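Per the working numbering: the sequence shown = residues 4 to 138.
Quick reminder that beta carbons are idealized off the backbone N, C-alpha and C, glycines included.
Values in this document were obtained by computation on a predicted structure and should not be read as measured data.
All remarks here apply to the structure that follows.
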Amino acid sequence: MTFTPYLFFSGDCADAFTRYHEIFGGELSIMRNSDAPADAQMPGGGDFVMHASIALPDGDGFLGSDDPTGDDGPKTRFSVSYTAPDLDSARTVHAALADGGTVTMPVEPTFWAPGFGMCVDRFGVPWRISVAHSK
């Protein structure tokens, strides 16, 4: 069973997924409303992102789109969790995600993991960065 986060944005989905692609790599795909055939476009037209995805080499990834309502409400009551292979990688990813955003907890060793930290990125998405336990 696989659970995949699907993130909603208010007009900046393409920017967010371009940034996440810079940080995590993988295969980026962005489909805009204007890419769809005219009879399949969302009402109101526009060039918003209908669907974006990042497929990572290990089979994981995440999805998203712009919310065509343009609500731009806060992204609350969730966070995206990322498990890094080591403390240095965790700190690098945390710093990249926090660039232009807010650090809510720096990556530091904890009693439950070799490292854990939290941030909210410049797109308003909250992240939890953990370090995997060594085998």
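- A residue is called buried when at least 16 other Cβ atoms come within 10 angstroms of its Cβ; proline 60 does not meet this threshold and is exposed.
- At the C-beta level, tryptophan 130 and serine 82 come within 8 Å of one another.
- With a beta-carbon spacing of about 15 Å, arginine 35 and phenylalanine 11 fall beyond the 8 Å limit used to define contacts.
- Under the Cβ criterion (8 Å, minimum of three pairs), the segment 30-46 does not count as touching the segment 89-103.
- DSSP, reduced to helix, strand and coil, places phenylalanine 81 outside both helices and strands of the structure shown, so it counts as coil.
- Separation of glycine 120 and threonine 113 (C-alpha to C-alpha, rounded to the nearest whole angstrom) is 9 Å.
- Scanning the segment 21-106 from its first residue to its last, the whole beta strand (DSSP E) runs of 3-plus residues come out as 30-35, 52-58, 64-69, 83-87.
- Serine 133 counts as buried, since at least 16 other C-beta atoms from the protein chains shown sit within 10 angstroms of its C-beta.
- Per DSSP, the continuous beta strand (DSSP E) segment holding arginine 131 begins and ends at 129-134.
- Straight-line measurement puts the Cα of histidine 136 at about 24 Å from the Cα of tyrosine 23.
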